[in-house]
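Just so you know, we're using this note's numbering here: the sequence shown kicks off at 1020 and counts up by one.
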Amino acid sequence: MTPHDDNDFIDREFEKSQQIPSSSSTDTPTAQNPQSIEVNRVPAREQLEAKVGTTQQRLAALKEEQDRLEKERIALEDLRRRRSEFSMGREEMIHNLTKGITILEEDASNTQRQLERMGGALDEFRDHLGKVEMLSEDHWDQENLNRELTRALITIENARKEWISNIPKFPVLDPKSEAQIQPEKAEVIKKSENVASKRKLPPFADMIDFKEFSWKQWAQFGLALTWPIAAVLSVGILILVSIWLQGGS
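Shown next as structure tokens:
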């Protein structure tokens, strides 16, 4: 657009109107009513109660969820404890039972060997016992007495060797072993009790039953035992009094 000359007609009012922004685009919003603003800012009572109810429901739901999770946690901990107990118990019993089987099998094997040795020793003892019991001077040839006696001594010596050789194998055969000492102690105690029960009681013990005595009978019995002592004391006191009186006169 070409610049205007001073002589040209210019509508100054039109230019001003074009330069001034329209009121629709530049004017600030009209002030609203304060009551309407307060209504928009503060929720209604019903809305507050609804929000409170919703919040309480959410809290209750969270509480239920917490309780459920707590129960689940307890159940999981119990399950973990039981599984740990199962694992440890399984390992423990496998170890103990395996060890026990090994020990018992070894002990059973040793016992079986011991029983076999004991059976052989029993056979030998019976054989030697029969030979020793058959020894009798009545059956000896008197003309060959020396030879018969030698044979008998050899038989006894063989039996003694068999006996001595088996003592280390079977400690129960040792005369000093506990298995033989205990029966001997019991026999000694039994004999002592029999002797004590057969001891002679006082002459009047069989005639008097002290268990059936009443208190009156006990008093009479005590008086009968103490009156001689009381009589002697009374006589002594009288003698002392008479001597004292004679000395005073």
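Built from N, CA and C at the ideal position, the CB exists for glycine as well.
Reduced DSSP secondary structure (H/G/I, E/B, other) of residue i
i       : result
Ser1128 : helix
Ala1094 : helix
Ala1069 : helix
Lys1194 : Note on identity: in this sequence residue 1194 is Pro, with Lys being the wrong assignment. Coil.
Leu1088 : helix
Asp1160 : coil
Met1112 : helix
Phe1189 : coil
Ala1063 : coil
Leu1141 : helix
Met1107 : helix
Ser1253 : helix
Leu1259 : helix
Leu1264 : helix
Leu1123 : helix
Leu1154 : coil
Same chain, Cβ closer than 8 Å to residue i, five either side skipped, listed in chain order
i       : result
Leu1148 : Ala1178
Ile1258 : none
Enclosing alpha helix (DSSP H) for residue i [first to last residue]
i       : result
Glu1176 : 1164 to 1185
beta-carbon residue i near the ligand GTP non-hydrogen atom, thresh 6 Å
i       : result
Gly1139 : This structure lacks the ligand GTP; in fact it carries no ligand of any kind.
Proximity below 7 Å, CB of residue i to CB of residue j
i       : j       : result
Leu1154 : Ala1140 : no
Cβ shell of residue i (< 7 Å), same chain only, five flanking positions each side left out
i       : result
Leu1242 : none
Leu1252 : none
Val1151 : Thr1174, Ile1175, Ala1178
Asp1160 : Glu1167
Contact set for residue i: own chain, Cβ-Cβ below 6 Å, skip 5 residues either direction
i       : result
Trp1263 : none
Glu1143 : Glu1181
Asp1157 : none
Min CB distance residue i to chain B below 7 Å
i       : result
Ile1093 : Looking for chain B here will not work: only one protein chain is present.
Subject >> the stretch 1123 to 1135 touching the stretch 1158 to 1177, judged by at least three CB pairs closer than 8 Å >> reply: no
Subject >> Three CB pairs or more closer than 8 Å across the stretch 1179 to 1192 and the stretch 1134 to 1154 >> reply: Between the stretch 1179 to 1192 and the stretch 1134 to 1154, the count of C-beta pairs closer than 8 Å reaches three or more; the two stretches touch.
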